[in-house]
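Residue numbers (this note's numbering), protein chains in the order written: chain Y, 43 to 497; chain H, 43 to 497. By construction, the Cβ of each residue, glycine as well, lies at the ideal position given by its N, Cα and C atoms.
There are 2 protein chains.
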Amino acid sequence: MQAEALAVLSEAHPGAVSTSQEDLAMYSQDQGPVVETVSPVAVVRPRSVDEVQAVLRWATAHRVSIVTRGAGSGLSGGANATPGSVILSLERLNRIISVDPDDETAVVEPGVVNADLNAAVAEYGLMYAPDPASYRWSTIGGNVATNAGGLRCAKYGVTRDSVLALEVVLADGTLITTGHRTFKGVAGYDLTALMTGSEGTLGVVVGITVRLRYLPRDIRTLAAYFDDFPQAAAGVLAIGRARVQPAILELLDGRTLEALDGAHGSDLRSHGGSLLLVQTDGFGAAAEAQAIRDVLVGLGAQVSDEGSEEADRLVDLRRHSRGDAVEDVYRVGEDVAVPKSQLVHYVAALETMAARHGVHLKVVAHAGDGNLHPTFWVQRSDGPQAEERLEQALDESVRSALALGGTITGEHGVGQYKRRWLGWEQAVEVLDLQRRIKQVFDPLDILNPGKAIVS
Amino acid sequence: MQAEALAVLSEAHPGAVSTSQEDLAMYSQDQGPVVETVSPVAVVRPRSVDEVQAVLRWATAHRVSIVTRGAGSGLSGGANATPGSVILSLERLNRIISVDPDDETAVVEPGVVNADLNAAVAEYGLMYAPDPASYRWSTIGGNVATNAGGLRCAKYGVTRDSVLALEVVLADGTLITTGHRTFKGVAGYDLTALMTGSEGTLGVVVGITVRLRYLPRDIRTLAAYFDDFPQAAAGVLAIGRARVQPAILELLDGRTLEALDGAHGSDLRSHGGSLLLVQTDGFGAAAEAQAIRDVLVGLGAQVSDEGSEEADRLVDLRRHSRGDAVEDVYRVGEDVAVPKSQLVHYVAALETMAARHGVHLKVVAHAGDGNLHPTFWVQRSDGPQAEERLEQALDESVRSALALGGTITGEHGVGQYKRRWLGWEQAVEVLDLQRRIKQVFDPLDILNPGKAIVS
Numbered sequence: 043m044q045a046e047a048l049a050v051l052s053e054a055h056p057g058a059v060s061t062s063q064e065d066l067a068m069y070s071q072d073q074g075p076v077v078e079t080v081s082p083v084a085v086v087r088p089r090s091v092d093e094v095q096a097v098l099r100w101a102t103a104h105r106v107s108i109v110t111r112g113a114g115s116g117l118s119g120g121a122n123a124t125p126g127s128v129i130l131s132l133e134r135l136n137r138i139i140s141v142d143p144d145d146e147t148a149v150v151e152p153g154v155v156n157a158d159l160n161a162a163v164a165e166y167g168l169m170y171a172p173d174p175a176s177y178r179w180s181t182i183g184g185n186v187a188t189n190a191g192g193l194r195c196a197k198y199g200v201t202r203d204s205v206l207a208l209e210v211v212l213a214d215g216t217l218i219t220t221g222h223r224t225f226k227g228v229a230g231y232d233l234t235a236l237m238t239g240s241e242g243t244l245g246v247v248v249g250i251t252v253r254l255r256y257l258p259r260d261i262r263t264l265a266a267y268f269d270d271f272p273q274a275a276a277g278v279l280a281i282g283r284a285r286v287q288p289a290i291l292e293l294l295d296g297r298t299l300e301a302l303d304g305a306h307g308s309d310l311r312s313h314g315g316s317l318l319l320v321q322t323d324g325f326g327a328a329a330e331a332q333a334i335r336d337v338l339v340g341l342g343a344q345v346s347d348e349g350s351e352e353a354d355r356l357v358d359l360r361r362h363s364r365g366d367a368v369e370d371v372y373r374v375g376e377d378v379a380v381p382k383s384q385l386v387h388y389v390a391a392l393e394t395m396a397a398r399h400g401v402h403l404k405v406v407a408h409a410g411d412g413n414l415h416p417t418f419w420v421q422r423s424d425g426p427q428a429e430e431r432l433e434q435a436l437d438e439s440v441r442s443a444l445a446l447g448g449t450i451t452g453e454h455g456v457g458q459y460k461r462r463w464l465g466w467e468q469a470v471e472v473l474d475l476q477r478r479i480k481q482v483f484d485p486l487d488i489l490n491p492g493k494a495i496v497s
Numbered sequence: 043m044q045a046e047a048l049a050v051l052s053e054a055h056p057g058a059v060s061t062s063q064e065d066l067a068m069y070s071q072d073q074g075p076v077v078e079t080v081s082p083v084a085v086v087r088p089r090s091v092d093e094v095q096a097v098l099r100w101a102t103a104h105r106v107s108i109v110t111r112g113a114g115s116g117l118s119g120g121a122n123a124t125p126g127s128v129i130l131s132l133e134r135l136n137r138i139i140s141v142d143p144d145d146e147t148a149v150v151e152p153g154v155v156n157a158d159l160n161a162a163v164a165e166y167g168l169m170y171a172p173d174p175a176s177y178r179w180s181t182i183g184g185n186v187a188t189n190a191g192g193l194r195c196a197k198y199g200v201t202r203d204s205v206l207a208l209e210v211v212l213a214d215g216t217l218i219t220t221g222h223r224t225f226k227g228v229a230g231y232d233l234t235a236l237m238t239g240s241e242g243t244l245g246v247v248v249g250i251t252v253r254l255r256y257l258p259r260d261i262r263t264l265a266a267y268f269d270d271f272p273q274a275a276a277g278v279l280a281i282g283r284a285r286v287q288p289a290i291l292e293l294l295d296g297r298t299l300e301a302l303d304g305a306h307g308s309d310l311r312s313h314g315g316s317l318l319l320v321q322t323d324g325f326g327a328a329a330e331a332q333a334i335r336d337v338l339v340g341l342g343a344q345v346s347d348e349g350s351e352e353a354d355r356l357v358d359l360r361r362h363s364r365g366d367a368v369e370d371v372y373r374v375g376e377d378v379a380v381p382k383s384q385l386v387h388y389v390a391a392l393e394t395m396a397a398r399h400g401v402h403l404k405v406v407a408h409a410g411d412g413n414l415h416p417t418f419w420v421q422r423s424d425g426p427q428a429e430e431r432l433e434q435a436l437d438e439s440v441r442s443a444l445a446l447g448g449t450i451t452g453e454h455g456v457g458q459y460k461r462r463w464l465g466w467e468q469a470v471e472v473l474d475l476q477r478r479i480k481q482v483f484d485p486l487d488i489l490n491p492g493k494a495i496v497s
């Protein structure tokens, strides 16, 4: 990119464009694995939708790649800089435009932090349901870009299920509106769903109308310890067979308990070899919790006492514990999903392959919807062969999930990192359709190229 | 279309192709308004996915329009024949391929009737939630084509929210799979959502993996009579403000009560000028119903006794009462949706415009999600000017819904009939994007041309 083009942009948007080394470094990556370390050529922080449109017109005129970024909390490298790219950070578009308590909707700018929206609507007895682990710092725009999930998805659905309408700046700077303010609406193709989860490759989302849900009257939490993972996984199926729908159903294996004990000084692992955390909510919360308790006790689980604060504390720990960064460790967190009945088979397969490849493994799962986050790691000091073994284990774990009817990504998105697996899941004809849809929206391929789809 | 082409098709698929006048007439229209009466050139009823693929290859080779049809219960003319078209009826693809009670999913062919799927999964304590009024005869394939809604949407979502994966035959006969068998999955663009509601214009859905929900333990139903519509609409908002989520929340105006009385010999209208039907379900059903009862009694409503069968009977009546076809009446049912807070203003506007245009009006609403079905009618014996007045009232009612932040179609789809209004709701840029997406999937424009989008 010519320096002149950048000068044009800086001059047109004083205070919005930075090329400082500090900013370039800070905005060059998200929290996902880095395929190739690249510095962007500039960071732009527009203050208005008009300014976003102007940046896109400029990018089209000068054929500059635009990597749109929320809080940079993504886990698949979707916001990683690519060669010659400009980072478009939407952090300054952070206004809650309106909350409509009777319509049970809110309109927000993309830079609004998930937790801030929840705080703003709580006074009306409402909540924004999707709750990725990053909810305290990730933005609604970023959540939309990745179709983010979270803990409460099994009951309340994922981001797409809470998004009614979008304002989108197209590659050429045109501003469009997709969807509808109403809960229901079937006019034309569902461009809102198409845009949700497209990771900034089809347009830049600058406004979001969300559907809000009712803050639950009552919340009950259970912690159930089992001897081992297979028994805990059987507990997940048993809750399902009792046809009770928890809001949260988290499954932690023994090594995860050990890791939590190590990080927090707790003694979880001494209680059992696997932990199932269950939260019910709403008018039926108490009855649902009782039904689940009966089921789990019947399976031999050690279940926390009614009303104990211990279980709530554990949910909080699960929610916020990302694991400490350890210098000497090369670690990759995965995000596959499998049909619920396959959870136990899948984790058995993971354990076998981790042992075979000599890599460490721990597993947590949003068990209510079969979404697993296995973490694999090796010591860096074991040398490059250890990292190779890790990569082999990762590849194998993804193939195994697919063989069991699963998907390569339950909620983190394909981003940059998982593109190598997308063709394992989807047929060439499907990949090709996506490429051609991308061309419809972005004929010059300037919107987050090299992400989300196989181009 | 050349007769030879048809001969080729008939010869290749003995027993699947009909050109009998009876079939051509029977399959020429759905239940929606007819824009232009057209006979198809043939009706094809394939018995396998292979056969669907062969028909599409044939259609591509001979440039023949394919109008895919489920049960023909659509209300927007989406399955109406167009000039030179072949009707592709999927009624013979009616197998439930599998029910997976632990995964809480089922795989069905498109011709499976909604009620039949529900009957098959009920023995496992499961249900398929989307319940359009036509559920006793409409097909899952047709429900997917229109992204059908129903009574339980406010709590359980629309068809899209229950569809996990699709098998789709593309215009050239290629078979693809979209989506995933898991509850969550974000690999690539959401082609499943794009296909859902696309009314047969992007591909032919030949397999559907649905997510099932739990049959509720308990169901409570209330019937609340109010003096007039505005008070009943205030009841809808009051239930929302109490942050109680009903499964069903149906609002009937006085003229609808009169019509039901006329058809069924009941005396509903004598109880009040407007009726709110409320159903709660799940573990909290009784407590939710009590909370709602308190709210509505506080507003002066006359609420049915706890456990009375009357309310259940009324829900059944509401569900199945489409109104008798009356020879001398020209009648059009509408399907707009508005934000919930606008229900009362919208119906007031409707009443004013009905009076001004001298047309009859009755209104029912899926009030929980602001989706209204006003019915306008005039006597045919009043002459062509009466029909013109009706059309004016319809146009005006749609403009009014849009002015209040609504949409032209909440759940029936654009089909053929509502295309004249689509441009009122969506900007030219959005219409253009849809046209170009259509071209990606169907470059020859053989898939249900003239439907769903503005081409």
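- As summarised for the region 310 to 396 of chain Y, the continuous beta strand (DSSP E) elements at least 3 residues long and confined to that stretch are 316 to 323 and 371 to 375, given in chain order.
- With fewer than 16 neighbouring CB atoms inside 10 Å of its own CB, Arg105/H falls in the exposed class.
- Beta-bridge annotation (DSSP): Ile108/H is paired with Val128/H and Leu489/H.
- Taking all protein chains shown into account, Ile281/Y has 16 or more neighbouring C-beta atoms within 10 Å of its C-beta and is therefore buried.
- Interface with chain Y (8 Å Cβ-Cβ cutoff): Ala469/H is included.
- Secondary structure at Val286/Y: coil, using DSSP grouped into helix, strand and coil.
- Separation of the CB atoms of Val149/Y and Ile139/Y is rounded to 4 Å, and the pair is thereby assigned contact status at 8 Å.
- Within the region 196 to 254 of chain H, complete beta strand (DSSP E) segments of at least 3 residues are found at 205 to 211, 217 to 221 and 246 to 253, given in chain order.
- At a beta-carbon threshold of 7 Å, the residues of chain H lying near Arg223/Y are Pro381 and Gly447, ordered along the chain.
- Taking a Cβ-Cβ threshold of 8 Å, none of the residues of chain Y is close to Arg99/H; the smallest such distance is about 14 Å.
- Using a Cβ-Cβ distance cut-off of 8 Å, the region 233 to 240 of chain Y and the region 453 to 464 of chain H are not in contact, since fewer than three pairs of beta carbons, one from each stretch, lie closer than that value.
- Annotation: Gly184/H has no Cβ neighbours in chain Y at a cutoff of 7 Å; minimum Cβ distance is about 13 Å.
- A distance below 8 Å separates the beta carbons of Pro88/H and Ala58/H.
- DSSP, reduced to helix, strand and coil, places His408/Y within a strand of the structure shown.
- Secondary structure at Leu51/Y: helix, using DSSP grouped into helix, strand and coil.
- In the DSSP secondary-structure assignment, His415/Y is bridged to Val406/Y.
- According to the DSSP assignment, Ser140/Y belongs to the beta strand (DSSP E) that extends over Ile138 to Asp142.
- Looking at the DSSP output, Ser60/H shares a beta bridge with Val85/H.
- Taking C-beta atoms as the reference points, Gly120/Y and Ser107/Y fail to come closer than 8 Å.
- In terms of beta-carbon proximity, Asp347/Y stays away from the interface with chain H, with every pair separated by 8 Å or more.
- Non-local C-beta neighbours of Glu78/Y in its own chain, meaning closer than 7 Å and more than five positions away in sequence, are absent.
- Within the region 323 to 338 of chain H, the residues whose Cβ lies closer than 7 Å to some Cβ of chain Y are Gly324, Phe325, Gly326, Ala329 and Glu330, listed in chain order.
- Around the Cβ of Pro485/H, a 10 Å sphere holds fewer than 16 other Cβ atoms; the residue is exposed.
- Taking a C-beta cut-off of 9 Å against chain Y, the contacting residues of the region 127 to 147 of chain H are Asp142, Pro143, Asp144, Asp145, Glu146 and Thr147, listed in chain order.
- Excluding five sequence positions before and after Arg422/H, the CB atoms of its chain that fall closer than 7 Å to its own CB belong to Asp370, Val371 and Tyr372, given in chain order.
- Looking at Gly74/H, Ala301/H, Gly192/H and Val472/H, the one whose alpha-carbon comes closest to that of Ser176/H is Gly192/H.
- Within chain Y, the residues placing a beta-carbon under 8 Å from that of Glu453/H are Lys226 and Val228, ordered along the chain.
- Nearest Cα to Gly277/Y within the set His306/Y, Gly340/Y and Val228/Y: Gly340/Y.
- Residue burial annotation: Arg137/Y is exposed, with fewer than 16 other C-beta atoms found within 10 angstroms of its C-beta.
- For the region 162 to 195 of chain H, the set of positions with a beta-carbon nearer than 9 Å to some beta-carbon of chain Y reads Tyr166, Gly167, Leu168, Thr188, Asn189, Ala190, Gly191 and Cys195 in chain order.
- Within a 10 Å sphere around the beta-carbon of Gln321/H sit 16 or more other beta-carbons, which makes this residue buried.
- The region 179 to 198 of chain H and the region 286 to 302 of chain H touch, with three or more beta-carbon pairs separated by less than 8 Å.
- Close CB contacts of Phe483/Y within its chain, under the 7 Å cut and outside five residues either way in sequence, are with Leu212, Ala213, Leu244 and Gly245 (chain order).
- In this structure the region 407 to 425 of chain H does not touch the region 180 to 189 of chain Y; the number of beta carbon pairs closer than 8 Å is below three.
- Checking the DSSP bridge columns, you'll see Val91/H has no partner listed.
- Beta-bridge pairing by DSSP links Gln421/H to Val371/H.
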